[in-house]
Amino acid sequence: AALAIAPGGIDFGTERDPPRFIYLMLTSATSYGRYLGALARIARLMVIPARRQALLDAATPTAVMSVLEAEHPPAAQPR
Numbered sequence: 085a086a087l088a089i090a091p092g093g094i095d096f097g098t099e100r101d102p103p104r105f106i107y108l109m110l111t112s113a114t115s116y117g118r119y120l121g122a123l124a125r126i127a128r129l130m131v132i133p134a135r136r137q138a139l140l141d142a143a144t145p146t147a148v149m150s151v152l153e154a155e156h157p158p159a160a161q162p163r
């Protein structure tokens, strides 16, 4: 997965406000459950205006990860 942040938006020629966040997710054809789970998590994170603004204000990849992990800490790694 990847996240691109364009504070000024990217003009795709539509009448709506240009998107400022672009997500890329690559999955296998049989990984619908994981894909839908990830999409749901993104939707829950991005519905919060303060979270979106914090992402726009993040100046480094580390700062972006801090914003994303603030509510959803990373899953424990198997030992």
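Residue numbers (the numbering used here): 85 to 163. No residue lacks a Cβ here, since even glycine has one placed at the ideal position from N, Cα and C.
Going by beta-carbon coordinates alone, are residue i and residue j separated by less than 9 Å?
{"i": "A85", "j": "L110", "result": "yes"}
{"i": "I89", "j": "L129", "result": "no"}
{"i": "L87", "j": "L108", "result": "yes"}
How many angstroms separate the CA atom of residue i from the CA atom of residue j?
{"i": "R104", "j": "V151", "result": "16 Å"}
{"i": "A138", "j": "P91", "result": "11 Å"}
{"i": "R135", "j": "A154", "result": "10 Å"}
{"i": "D95", "j": "D101", "result": "8 Å"}
DSSP three-state call for residue i: helix, strand or coil?
{"i": "A154", "result": "helix"}
{"i": "L87", "result": "strand"}
{"i": "R106", "result": "The sequence given here places Ile at residue 106; Arg does not occur at that position. Strand."}
{"i": "D101", "result": "coil"}
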